[in-house]
DNA sequence: GGACTGACAGATATTGAAATCTGTCAGTCC
DNA sequence: GGACTGACAGATTTCAATATCTGTCAGTCC
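Protein chains in written order, with our numbering: chain A, 32 to 233; chain B, 32 to 233.
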């Protein structure tokens, strides 16, 4: 016995196994083998295989949160801040998709298994959008009756650029143009938007 | 021999077989059996099974075109016309999904097999959006540098409400609110939108 | 005594032989 | 003679036997 088996070591090994075999083939026995222990030991730290996978998923999503949280440039206007935030998110997703399709697919499968985790993740990201919009409302750059609802609308309107179901479209050479067009439309909308009905022009 | 076998009869029988057995189980032999002919006869009208399925898919999509084309109310403002058009499309999709999930899934599978057909279908629908936007530009209700690009942006921004990948979200009780919020945001954006960069406020 | 093992029952996945399907075509039937 | 059949080869799918995996737990080892 060299060192005590930690949850952290198990998570790292699980990531490695998932990376190597993919989500369909990765078994708890494989993880145990990679760690040189019996698979019974893994169950001492995670109650079920599902719980283990969920922990890995949560880890990955938390890493995205942190990356997106960092580097909010407060000098930018709300429009530019929003544009920049959406662009960074898109770049991150697109990059991870084109760089390593296998891993991206694995990631997508795991996310699909853990709807509770993804729900928290989405709420968190939409919360970041809401924060930017609120800043814009405070400076009278944006107009809206309901910041949270509008943040959700911005998120929904840009789904094509972050929802994994649309990943195959991200390879299209004109995707950046499409992104710019949608973001411009959305940002223009934020300058004069009332949710229930958009009547009363200037 | 009662009557001559027509392509039309084969298509109808294929739809019926697809409806009954689903896309995975429906075979050319089943179609022939339903028609009371040998499967060799079916191949006299359609070169391959794929061609037969494509013809069925095209038929379904054409029916959607026609329905959407009808009932453009010219009395409406461009905003209301766009809102109405998007609502009708959403209602149609959502209804066909909730009414008969089996058939919707079948439909989605077939569409997935025929990317060329779907491409034509999407161009057609985005063309209808472009027509509405152009009308809005003519009456100075909307502002844009590039009608076609903007039409595509409107389409992209509303993907959540028509792309089959998001069908499961259509069951959410607040989905209509989400739809209203996105459409309001988009319509507000159309009133003052310039694609490459949205600077130069009033 | 607490971390770990390994054998076990039931659930799930793999495999390969048998059945079915796709697409062809020579031949039958009005 | 043109619409249709039915038997056929090769490709694909099904099914049941076999192997592997998940989750448990009594027992081993420091």
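Glycine is no exception: its CB is placed at the ideal position from the N, C-alpha and C atoms. Computed from a prediction, not measured in an experiment: that's the story for all the values here.
Within chain A, partners of residue i - CB distance below 9 Å
i: residue 38 of chain B; result: Ordered by position in chain A, no residue passes the 9 Å Cβ test against residue 38 of chain B, which lies about 33 Å from the chain.
i: residue 15 of chain B; result: Coverage of chain B is limited to positions 32 through 233, which leaves residue 15 of chain B absent and any answer about it impossible.
i: residue 275 of chain B; result: No statement about residue 275 of chain B is possible, as the shown extent of chain B runs from 32 to 233 and does not include it.
Contact under 8 Å by Cβ, residue i with residue j
i: residue 202 of chain A; j: residue 133 of chain A; result: no
i: residue 36 of chain A; j: residue 72 of chain A; result: yes
i: residue 199 of chain B; j: residue 190 of chain A; result: no
i: residue 188 of chain A; j: residue 217 of chain B; result: yes
i: residue 77 of chain A; j: residue 86 of chain A; result: yes
i: residue 144 of chain B; j: residue 75 of chain B; result: no
i: residue 223 of chain B; j: residue 109 of chain A; result: no
i: residue 62 of chain B; j: residue 44 of chain B; result: yes
i: residue 212 of chain A; j: residue 182 of chain A; result: no
i: residue 156 of chain B; j: residue 90 of chain B; result: no
i: residue 221 of chain B; j: residue 149 of chain B; result: no
For residue i, three-class secondary structure by DSSP
i: residue 210 of chain B; result: helix
i: residue 161 of chain A; result: helix
i: residue 227 of chain A; result: In this prediction, residue 227 of chain A scores a pLDDT of 47, lower than 50, which makes its location untrustworthy; the coordinate-derived value is nonetheless stated afterwards. Three-state result, residue 227 of chain A: coil.
i: residue 57 of chain B; result: coil
i: residue 179 of chain B; result: helix
i: residue 91 of chain B; result: helix
i: residue 79 of chain A; result: coil
i: residue 194 of chain B; result: coil
i: residue 139 of chain A; result: helix
i: residue 36 of chain A; result: coil
i: residue 121 of chain B; result: helix
i: residue 218 of chain A; result: helix
i: residue 68 of chain A; result: coil
i: residue 126 of chain A; result: helix
i: residue 115 of chain B; result: helix
i: residue 233 of chain B; result: Low local confidence applies: a pLDDT of 39 at residue 233 of chain B is under 50, so the model's placement there is unreliable, and no value is given.
Distance, residue j Cα to residue i Cα
i: residue 176 of chain B; j: residue 215 of chain A; result: 12 Å
i: residue 92 of chain A; j: residue 194 of chain A; result: 14 Å
i: residue 88 of chain A; j: residue 206 of chain B; result: 27 Å
i: residue 168 of chain B; j: residue 184 of chain B; result: 16 Å
i: residue 99 of chain A; j: residue 119 of chain A; result: 8 Å
i: residue 179 of chain B; j: residue 158 of chain B; result: 8 Å
i: residue 46 of chain B; j: residue 208 of chain B; result: 35 Å
i: residue 166 of chain B; j: residue 140 of chain B; result: 36 Å
i: residue 172 of chain B; j: residue 103 of chain B; result: 18 Å
i: residue 95 of chain A; j: residue 124 of chain A; result: 10 Å
i: residue 196 of chain B; j: residue 196 of chain A; result: 6 Å
i: residue 101 of chain A; j: residue 121 of chain B; result: 37 Å
i: residue 33 of chain A; j: residue 70 of chain A; result: Interpretation of residue 33 of chain A is limited by its pLDDT of 49, a score under 50 that renders its predicted location unreliable; the figure taken from the coordinates is listed afterwards. Rounded to whole angstroms, residue 33 of chain A to residue 70 of chain A spans 17 Å at the Cα level.
i: residue 192 of chain B; j: residue 186 of chain B; result: 10 Å
i: residue 229 of chain A; j: residue 114 of chain B; result: Residue placement at residue 229 of chain A is flagged as unreliable, the pLDDT there being 39, under the threshold of 50; a coordinate-derived value is accordingly withheld.
i: residue 106 of chain A; j: residue 174 of chain A; result: 20 Å
i: residue 79 of chain A; j: residue 135 of chain A; result: 24 Å
i: residue 146 of chain B; j: residue 67 of chain A; result: 47 Å
i: residue 170 of chain A; j: residue 210 of chain A; result: 25 Å
Burial state of residue i, where buried means 16 or more other Cβ atoms lie within 10 Å
i: residue 128 of chain A; result: buried
i: residue 152 of chain A; result: buried
i: residue 39 of chain A; result: exposed
i: residue 126 of chain B; result: exposed
i: residue 130 of chain B; result: exposed
i: residue 29 of chain B; result: The shown model of chain B, from 32 to 233, leaves out residue 29 of chain B, and the question about it has no answer.
i: residue 56 of chain B; result: exposed
i: residue 51 of chain B; result: exposed
Under 7 Å from the C-beta of residue i: neighbouring residues of chain A
i: residue 51 of chain B; result: What residue 51 of chain B touches in chain A: nothing, since even the nearest Cβ is about 28 Å away.
i: residue 187 of chain B; result: 191, 209, 213
Where residue i meets chain B, residues with beta-carbon distance less than 9 Å
i: residue 140 of chain A; result: Neighbours of residue 140 of chain A on chain B: none; closest Cβ ~15 Å, over 9 Å.
Contact list for residue i against chain B, beta-carbon separation under 7 Å
i: residue 220 of chain A; result: 216, 217, 219, 220
i: residue 224 of chain A; result: 215, 216, 219
i: residue 180 of chain A; result: 212
Cross-chain neighbours of residue i in chain B, by beta carbon under 8 Å
i: residue 196 of chain A; result: 194, 196, 197
Contact set between residue i and chain A, taken where Cβ atoms lie within less than 8 Å
i: residue 184 of chain B; result: 209, 212, 213, 215, 216
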